[in-house]
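Residue numbers (my numbering): 631 to 1531. From the three backbone atoms N, C-alpha and C, an ideal C-beta is built for every residue, glycine too. Step one of this worksheet: look at the structure below.
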């Protein structure tokens, strides 16, 4: 990425001197008077297009299209396609392993096609943080951290070795070893450049905005630091690493105005849950959200990052906070050098990208604007099954009781009146008998990048724990409590502020550094607890400071899961139940028999900020991040090959060469219509990537378990689906393996379907295998928001390997649609007002989809015929690039052919 004679905008290049060095940049304000009214997020897209314009990857028309952004732009009516080259790619290990596997397999494919395998090398920098593999096997003990990390390394040694090999074999790949923290917090505190410096051949340096696409949907967190970034599928990220630009539709930009101040007892978690519900109701899928207004200046960078983090939950592509002086102050706090910060300030001023939120004249034009008065935010949780179903804490008791009796759905469990009083007893290790009811808390986890990166809520939780212990409050011993910080810095300031002993006294011992409970790595519950829940059909609860609470994600035995601030996680754990009214009911009694209410132990925002200012200092960040790439002794002792080609092992159950390039030729395959297809699954609304490709534990009676058992592995060694994403044989068997999957072709929830026309009920993988043997192509019928949730490439790779050729849905989540295209699966969308039910489809039909061969166009109408019923669908190839990927059999095949030209 540098200026070049071939760049038609080279005349915009200017420079300034600082400390004896020359810094070049593109003078964007001089390009056109329209620049000053562009949203700040669009200015980042513009700079990238100007700097990378070569009329090959990025065209002059891309620059003009971005510069021509107007508030009149509307999705679906005047779509404008542009190219974008992000500055870097961010990977976490669950998606990083498949990326390195694919790269290794691509090298083999290029070699087989008589090309140079060394061409498969990242040209775009990639940062890979190993953070998803640690599980809460041990909790509520001082040695839980060491035991969990030891188990993590034992289970994942082969994967870690493979990633360490990848860092040596491929250029531009930085790996942060396991045990360091959550990818998004490490990105915020350490990896983010804010403004890149790249040395040029003449000794000068060129400056440009940091921007990033990541293989985790919560990559959006970095927008809180003013770095434009969003989640993409692993397949698309791999193409970016290989130098491919992202083809995207120029987005609408919603201006979200913040005014006022948060109340003294309100947290950033309450704020983000409020915004999430608001924006989900507004409808911002595929749009940028940009925050502005005087209220933004009242928020710390950690608060802003919390809001940006949950962008996938409110549906936007990004939730962007332009850079201001608070951003630069955060960089100083996190130990970025004073020189770097001054250079960044100079660049931002020169390009008019430094925001002052109190100056209304700086406000750009937006597609639409909405306003939130921060003073109206109240203490909240979200659940029991979706992150945007916010409930005020004052309404929580009644809301949960209503959910119990409501029909099964996002806000209902369908408990009959006769079973509302169901309960069960069990004996614990202390010899005492305990009783569980509907609403009993069995998991309480302070976890997830959303909150553990924010000192205000983490210190707030510590202060609340201190107050609780001093009041004599305790937590029931069977509740699985855990604390998994997002980085070592969190442990540092919790220790320095003196709150760790109180957290530990309540059972919130540090159990590891990673996503853990939020990703589904909650580990097992005690058998006595599990048996009591299952025997009595109880709706028990998990409370976590996370961002996802979809059914089946947190734990199979917590049917109700609520997202909450770390402070409320502790409060509900002390209460032992979620149906408590904190205003009227005490948390417990103190040693003198006096009632203790939540209000008696809740710290004020001012008190928390005073502790934060005293204890969160640059020296902590210097201490933690100066040695982060070293890793543990176990990591350092891993020995890996120096070969640039990977030596695949036929006996490995973790790393296996994928079949995506088997039989690939240099020539394009001939396009084919889909004939005589069967419907593998008939699904409803809000099917998430957790339903499609679970990341959690592997059930003992599943096809994946049978595969592993056949290779002499015991259930103890199964590990999780997430940890086995480097093995396609496990992952295809785990596709649609979620126990909460509701398939309308069968009567009960679970990973089962009906083979047609035999009507035999089978595991989904087994049914797909039979269809494959019969030569029958497959389709899916789906409702709204198909593929919401995590940006999981295996949610597209798995269906591809099952033999699914097309998906017919009412609507798609942005990243998942892109992933389907990237694997050569056709995403079709019912026309507005129609769906499977209105067309009287039942999934038993034979489907024929006529494709027009070489004349495919983005968004064109495609006819589908099902047992005589003919209906039109919208082809969700949104760009010409999408069509090119499909015609090549997927994005990776496309990249191989491009490199062989």
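{"Query": "Cβ shell of residue 1383 (< 7 angstroms), same chain only, five flanking positions each side left out", "Result": "1310, 1311, 1373, 1375, 1376, 1392, 1394, 1397"}
{"Query": "Distance CB(residue 936)-CB(residue 1054) smaller than 7 angstroms", "Result": "no"}
{"Query": "Residue-level contact to chain C via CB, residue 1016, 7 angstroms cutoff", "Result": "No chain C is present in this structure, which holds just one protein chain."}
{"Query": "Helix, strand or coil at residue 1408 according to DSSP, with G and I counted as helix", "Result": "strand"}
{"Query": "Where residue 1385 sits in the DSSP three-state scheme", "Result": "strand"}
{"Query": "Inter-residue CB distance, residue 856 and residue 953 (contact presumed, cutoff 8 angstroms)", "Result": "3 angstroms"}
{"Query": "Candidates 1069, 1486, 1342, of which the one nearest residue 1540 by Cα", "Result": "Not covered by the structure: residue 1540. The range shown for the chain is 631 to 1531."}
{"Query": "The segment 755 to 774 in contact with the segment 1108 to 1120 per 3-pair CB rule at 8 angstroms", "Result": "yes"}
{"Query": "Identity of the residue in 880, 1230, 997, 874 nearest residue 1529 by Cα", "Result": "874"}
{"Query": "Residue environment, residue 1321, which counts as buried when at least 16 other CB atoms sit within 10 Å", "Result": "buried"}
{"Query": "Residue 775 to residue 1333 span [Cα, whole Å]", "Result": "32 angstroms"}
{"Query": "Whole-angstrom distance between residue 1150 and residue 1343, CA atom to CA atom", "Result": "22 angstroms"}
{"Query": "Contact under 7 angstroms by Cβ, residue 1084 with residue 791", "Result": "no"}
{"Query": "Per DSSP, cross-strand counterpart(s) of residue 670", "Result": "Note: residue 670 sits in no beta bridge, so no partner."}
{"Query": "Candidates 1475, 967, 1361: closest to residue 1385 by CA position", "Result": "1475"}
{"Query": "Per-residue burial, residue 700 [other beta carbons within 10 Å of its own, 16 or more giving buried]", "Result": "exposed"}
{"Query": "Span separating the alpha-carbon of residue 783 from that of residue 795", "Result": "16 angstroms"}
{"Query": "Residue burial classification, residue 1018 (beta-carbon count within 10 angstroms, cutoff 16)", "Result": "buried"}
{"Query": "N-terminal and C-terminal residue of the beta strand (DSSP E) that residue 878 is part of", "Result": "876 to 879"}
{"Query": "Contact the segment 722 to 738 vs the segment 1269 to 1281: 3+ CB pairs below 8 angstroms", "Result": "yes"}
{"Query": "Complete runs of the alpha helix (DSSP H) confined to the segment 1197 to 1272 [at least 4 residues]", "Result": "1228 to 1231, 1235 to 1245, 1248 to 1255, 1263 to 1266"}
{"Query": "CB of residue 1544 within 7 angstroms of CB of residue 1074, strictly", "Result": "Absent from the structure is residue 1544, since the part of the chain shown begins at 631 and ends at 1531."}
{"Query": "Where residue 632 sits in the DSSP three-state scheme", "Result": "Any answer about residue 632 is weak, because its pLDDT of 41 lies below 50 and its placement is not dependable; what the coordinates show is given next. Reduced to three states, the DSSP call for residue 632 is coil."}
{"Query": "Close-in-space but distant-in-sequence residues of the same chain around residue 1027 (CB under 7 angstroms, 5 per side omitted)", "Result": "1209, 1210, 1211"}
{"Query": "Under the three-state DSSP convention, the category residue 1121 falls into", "Result": "helix"}
{"Query": "Reference residue 1498; option with closest CA among 879, 1471, 1508", "Result": "1471"}
{"Query": "Residue 882 in three-state terms, based on DSSP", "Result": "coil"}
{"Query": "Residue 1414, DSSP secondary structure in three states", "Result": "coil"}
{"Query": "Endpoints, beta strand (DSSP E) assigned at residue 1435", "Result": "1434 to 1439"}
{"Query": "Integer Cβ distance of residue 1315 from residue 1463, believed to fall under 8 angstroms", "Result": "Not a contact, Cβ separation roughly 16 angstroms."}
{"Query": "Pick from 835, 901, 692, 811 that is closest to residue 629, judged by C-alpha positions", "Result": "Residue 629 is absent from the structure shown; the chain starts at 631 and stops at 1531."}
{"Query": "Rounded straight-line distance, which links the Cα of residue 785 to that of residue 1349", "Result": "7 angstroms"}
{"Query": "One or two residues paired with residue 836 in a DSSP bridge", "Result": "654, 828"}
{"Query": "Euclidean distance between Cα positions of residue 821 and residue 815", "Result": "9 angstroms"}
{"Query": "Delimiting residues of the beta strand (DSSP E) encompassing residue 844", "Result": "841 to 844"}
{"Query": "Residues near residue 634 in its chain [Cβ-Cβ closer than 8 angstroms; skip 5 each side]", "Result": "With a pLDDT of 45 at residue 634, under the threshold of 50, the modelled position of this residue cannot be trusted, and the question is left open."}
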